[in-house]
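Okay, so here's the structure we're looking at.
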Amino acid sequence: MSQLRSHRGRIILASVCSVMNKFWDLAPPVLIGMAVDVVALREESFLGDLGWANPREQFYILVSLTVVVWILESLFEYFYAVLWRNLAQAAQHELRMSAYTHIQDLEMRWFSQQTTGGLMAIMNDDVNQLERFLDQGATDLLQVATTVIVVGAIMFMIAPEVAILAVIPVPIIVIGSFIFQRRIGEKYTRVREEVADLNSLLNNNLSGITTIKSFTAEEREVARVKEASVTYLEANKSAIRLSASFVPLIRMAILFAFTANMLVGGWMALDGKLSIGAYSVIVFITQRLLWPLTRLGQTFDLYQRAMASTTRVLDLLDTDIGIVEGDRTIDSVKGDIEFRDVAFAYPSREPVYTGLTLKIKSGETLGIVGSTGAGKTTLMNLLMRLNDPLSGKVMLDGIDVSELKLDCLRGSIALVSQNTTLFPGSVKDNILYGRPDATDEEVMNSAEVAEAMDFIHNLPDGWDTEVGEDGHRLSGGQRQRLAIARAVLKDAPILVLDEATSNVDNETEAALQRSIEKLSLNRTTIIIAHRLSTVRNATRIAVLDAGEISEMGSHSELVKSSGLYSRLWKVQTGAA
Ligand code: TTP
Ligand code: MG
């Protein structure tokens with residue numbers, strides 16, 4: 057909790073304000089008692105004893121005190137609210153940022169074991185829980201403690217015999233609230249589970265509306281939603297029954313203390329053992345003592361949830377980053393790549409490779425083909441150190457990539473990945489992602505190379521068209537061309553195209569191929585593709601099969617041999 061530690065000063069200040077607010081909040085019953093005291097005893101009153109003989113003047117003093125008390129109470133209320141809320145927001149912000157920053161640094165292997173939903177829950181719900189506790193719970197705890205101490209002290213000072221009566225229901229209320237809290241907590245958990253089920257069903261149906269309609273399954277789906285909705289309704293009903301009974305039950309316990317005080321205190325006042333003023337204070341203040349206690353259960357619940365959430369976030373922050381960067385850099389990357397006897401497996405999966413060796417010469421254009429799931433994308437991930445091999449080495453210009461600074465390694469590779477992600481922003485911003493300081497002319501050039509100029513000009517706002525949320529307003533082929541433009545702009549010594557043209561038509565692909573050929577002249581280029589025509593012109597083509605390079609050679613050599621490549625070629629050209 058280093059986050060909170062750095063705010064220690066503000067926490068103390070906020071706590072002081074909370075306590076002071078409560079302290080002054082408890083003063084009015086005492087002032088009322090003093091007023092009654094003045095009316096009943098006149099010159100003999102408490103204030104009279106202090107030296108102000110005239111009862112009329114005593115009221116001036118009381119009124120001034122009341123004004124001061126109310127102003128103090130309001131001031132401290134303002135300060136504690138501002139302090140705690142800002143503290144809560146600051147802690148939430150810091151925790152969210154350290155969680156996000158840490159997640160971003162974690163290795164891809166770790167991500168493959170997580171669900172996006174789960175991570176979102178940590179960064180939203182769990183981080184918010186801490187905010188909720190700091191915002192309300194901390195103040196509640198402090199104020200209940202203040203109330204018990206101040207009210208207890210006042211009562212025992214005025215009339216210990218009566219004070220005891222007010223204290224009797226305290227354990228009943230506290231224990232009762234806790235038991236109640238636990239029971240209602242279970243019920244609300246069920247309500248939340250049911251609403252989650254209902255939501256995911258609704259969500260699923262809305263996004264699958266085409267499927268529902270095409271199978272004319274509307275009635276079946278209405279029935280399914282109805283069932284989920286009714287379950288939710290029932291869960292709520294049972295929570296409502298219990299939750300509505302809480303306040304009336306607690307009121308009974310408080311009623312006991314209140315009437316006992318009224319009665320015993322009243323008798324004592326009649327017998328002259330208790331002054332009228334003191335009697336008024338006791339009657340007024342009993343309720344002030346007992347009601348706040350009913351919130352304790354809720355506050356502890358808030359506390360427990362905040363702690364559970366914080367533990368989850370801290371566990372996340374404790375996760376090893378996995379990929380530790382080296383400290384070597386290469387002044388000018390030539391682009392020699394070597395995979396030497398590499399073995400790799402995703403967690404709890406069959407190995408993708410057990411001993412793969414592949415050399416790519418600087419300046420060469422290498423095609424990689426292989427059936428789906430063969431491990432082509434994974435190979436590029438190893439090169440970029442998104443994952444580390446279990447054994448063996450990946451080398452760039454003769455240096456193990458694990459010894460290189462990530463900036464140097466990843467900075468020298470421009471990747472067009474199989475799953476293009478566009479970020480919220482304009483078309484231009486998205487291309488600039490490759491090199492934010494590029495000039496307009498360079499952006500245009502790379503769009504030209506990526507055959508993207510025509511469609512960009514046809515967009516409603518041209519270069520400034522917003523393409524947020526995974527670029528859903530663009531077609532698959534348009535997105536791919538933006539991704540290519542982005543990689544071209546990066547102008548790195550190594551260019552990796554992973555199924556980069558799979559979604560464009562044949563004509564556009566042919567044009568793109570010509571551009572890529574020009575680009576590949578002075579850099580190492582790796583082209584991964586299922587469509588063999590895409591890799592046909594590569595210097596060499598590697599066939600990845602069953603975790604190893606089964607064939608290697610130029611297109612014409614591979615077609616002549618009777619391996620997997622020639623079979624695939626026949627299938628794709630229709631000659632089989
Ligand atoms: P990939 O390297 O993604 O296979 P590929 O790129 O050759 O396939 P495609 O042509 O379809 O793009 O995956 C290799 C194997 O690793 C595959 O069996 C799936 C598995 N895998 C995981 O278990 N976890 C992961 O996170 C990924 C990316 C792959
Ligand atoms: Mg792939």
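Under the working numbering, the residues of the sequence shown are numbered 57 to 632, in order. Note that the Cβ used here is the ideal one computed from N, Cα and C, for glycine as well. Quick caveat, the model's predicted, so the values are computed rather than measured.
Local conformation of LYS484 per DSSP, three classes
Here LYS484 sits in helix by DSSP.
Any heavy atom of the ligand MG closer than 7 Å to the beta-carbon of THR421?
No.
With the cut-off set at 8 Å, would you say THR421 and ALA252 are in Cβ contact?
In this structure, the beta-carbon distance from THR421 to ALA252 does not fall below 8 Å.
Does the beta-carbon of ALA209 have 16 or more other beta-carbons within 10 angstroms, so that it is buried, or is it exposed?
exposed
In angstroms, rounded to a whole number, what distance separates the CA positions of VAL95 and GLY107?
16 Å
Assuming PRO407 is part of the alpha helix (DSSP H), what are its boundary residues?
Unbroken run through PRO407 is the beta strand (DSSP E), 407-416; no alpha helix (DSSP H).
Mind checking whether the beta-carbon of GLN634 lies closer than 7 Å to any heavy atom of the ligand MG?
Outside the shown range of the chain (57 to 632) lies residue 634, about which nothing can therefore be said.
Helix, strand or coil at ASP520 according to DSSP, with G and I counted as helix
helix
Leaving aside the five residues before and after MET90 along the sequence, list all residues of the same chain whose C-beta is less than 7 Å from its C-beta, in chain order.
Cβ within range, chain order: PHE102, LEU103, LEU118 and GLY333.
Along the chain, where does the alpha helix (DSSP H) that runs through LYS329 open and close?
Careful: LYS329 lies outside any alpha helix (DSSP H) and carries neither H nor E.
Tell me the rounded alpha-carbon separation between GLN185 and GLY467.
39 Å
Could you tell me if the beta carbon of ASP387 falls within a distance shorter than 7 Å of some heavy atom in the ligand MG?
Distance from the C-beta of ASP387 to the nearest heavy atom of the ligand MG is not below 7 Å.
Just to confirm, is the Cβ distance from ILE512 to SER502 under 8 Å?
no
Among residues of its own chain, excluding the 5 on either side of THR195, which ones have a beta-carbon nearer than 7 Å to its beta-carbon?
SER74, TYR136 and TRP140
Along the chain, where does the beta strand (DSSP E) that runs through ASP93 open and close?
Premise fails: ASP93 lies in the alpha helix (DSSP H), 83-97, not in any beta strand (DSSP E).
Hey, would you say ILE229 sits closer than 8 Å to LEU349, going by beta carbons?
yes
Leaving out the 5 sequence neighbours to the left and right, which residues in its chain are closer than 7 Å to THR476 when beta-carbon positions are compared?
Only ARG535, GLN536 and ALA539 meet the Cβ criterion.
Starting from THR421, follow the alpha helix (DSSP H) in both directions and report where the run begins and ends.
Segment 421-425 is the beta strand (DSSP E) holding THR421; no alpha helix (DSSP H) there.
Who sits around the ligand TTP, taking every residue whose Cβ is closer than 6 Å to one of its heavy atoms?
SER168, TYR402, ARG405, VAL408, GLY426, THR428, GLY429, ALA430, GLY431, LYS432, THR433, THR434 and GLN474
Roughly how many whole angstroms lie between the Cα atoms of SER301 and ASN77?
31 Å
Expected contact under 8 Å - CB spacing of GLN237 and GLU187 to nearest Å
Not really, about 21 Å apart at Cβ, beyond 8 Å.
N-terminal and C-terminal residue of the beta strand (DSSP E) that PHE400 is part of:
393-401
Under the rule that 16 or more other beta-carbon atoms within 10 Å means buried, what is ASN255, buried or exposed?
exposed
Would you kindly check if the distance between the Cβ of ILE582 and the Cβ of ILE424 is under 8 Å?
yes
Identified DSSP bridge partners for MET451:
Bridge partners of MET451: GLU394 and ASP456.
With DSSP as the reference, identify every bridge partner of GLU604, one or two as the case may be.
ASP601
Quick check: what's the CA-CA separation for ALA470 versus ILE393?
14 Å
Exposure of ASP182, with buried meaning 16 or more beta-carbon neighbours within 10 Å
buried
Do GLU498 and LEU568 have their beta-carbon atoms positioned less than 8 Å apart in this structure?
no
8 Å Cβ cutoff met for LEU330 and ALA201
Contact check for LEU330 against ALA201 fails: the beta carbons are separated by 8 Å or more.
Residues near MET179 in its chain [Cβ-Cβ closer than 8 Å; skip 5 each side]:
ARG152, ALA155, TYR156 and ILE159
Just grab the DSSP bridge partners of LEU358 for me.
DSSP output for LEU358 lists no bridge partner at all.
Measure the alpha-carbon distance for ASP357 versus VAL389 and round it to whole angstroms.
58 Å
Going by Cα to Cα distance, which pick from THR375, ALA430, LEU412 and LEU446 is closest to ALA401?
LEU446
Just grab the DSSP bridge partners of VAL472 for me.
LEU553
Given 7 Å as the limit, tell me if ASP601 has its C-beta closer than that to any heavy atom belonging to the ligand MG.
no
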